[in-house]
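Residue numbers (this note's numbering): 8 to 162.
Glycine residues also receive a C-beta, built at the ideal position from the N, C-alpha and C atoms.
Scroll down for the structure; my scribbles are underneath it.
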């Protein structure tokens with residue numbers, strides 16, 4: 008009889024230990040699932056943030072290009088400067104100056120804006136053919152300045 012009681016006790020102990028192990032393992036599984044859900048949610052939030060940031064910058068970038076096409080050079084340049092390393096924004100800052108200077112010089116008349124165009128091209132000599140444009144306009148500008156000075160002396 009004692010032997011039966013011992014077997015019963017061992018069986019009870021085995022059942023109790025197995026139940027405790029399964030409860031612990033169930034708790035660990037729930038904990039692991041919770042951690043996975045939290046991690047996935049965190050990654051989702053980060054992804055949404057980066058996508059929002061990217062599309063906001065893309066919208067600004069496209070707006071700046073539209074401003075450049077509309078000859079609103081200062082506004083376009085300011086946006087490209089604010090975008091820093093987004094796409095080719097750094098190059099677009101030079102492009103705005105280049106297009107602006109060429110727009111002024113294409114009018115073929117000497118004004119204060121011509122001086123501004125010369126200064127702009129002087130800042131971006133290494134961009135595209137800025138130096139060549141500046142050299143080609145140099146004689147024209149020099150002749151126009153001489154003409155203006157002579158007119159002032161006559162008056």
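| Query | Result |
| --- | --- |
| Residue 89: first and last residue of the uninterrupted alpha helix (DSSP H) it sits in | 80 to 90 |
| Span separating the alpha-carbon of residue 90 from that of residue 103 | 14 Å |
| Through-space distance from residue 122 to residue 52, alpha-carbon basis | 51 Å |
| Whole-angstrom C-beta distance between residue 68 and residue 84, which should lie under 8 Å | Residue 84 to residue 68, Cβ: 13 Å. No contact. |
| Backbone CA spacing between residue 88 and residue 99 [nearest angstrom] | 9 Å |
| Residue nearest to residue 124 in terms of C-alpha spacing, selected from 57, 37, 80 | 80 |
| Close-in-space but distant-in-sequence residues of the same chain around residue 117 (CB under 6 Å, 5 per side omitted) | 151 |
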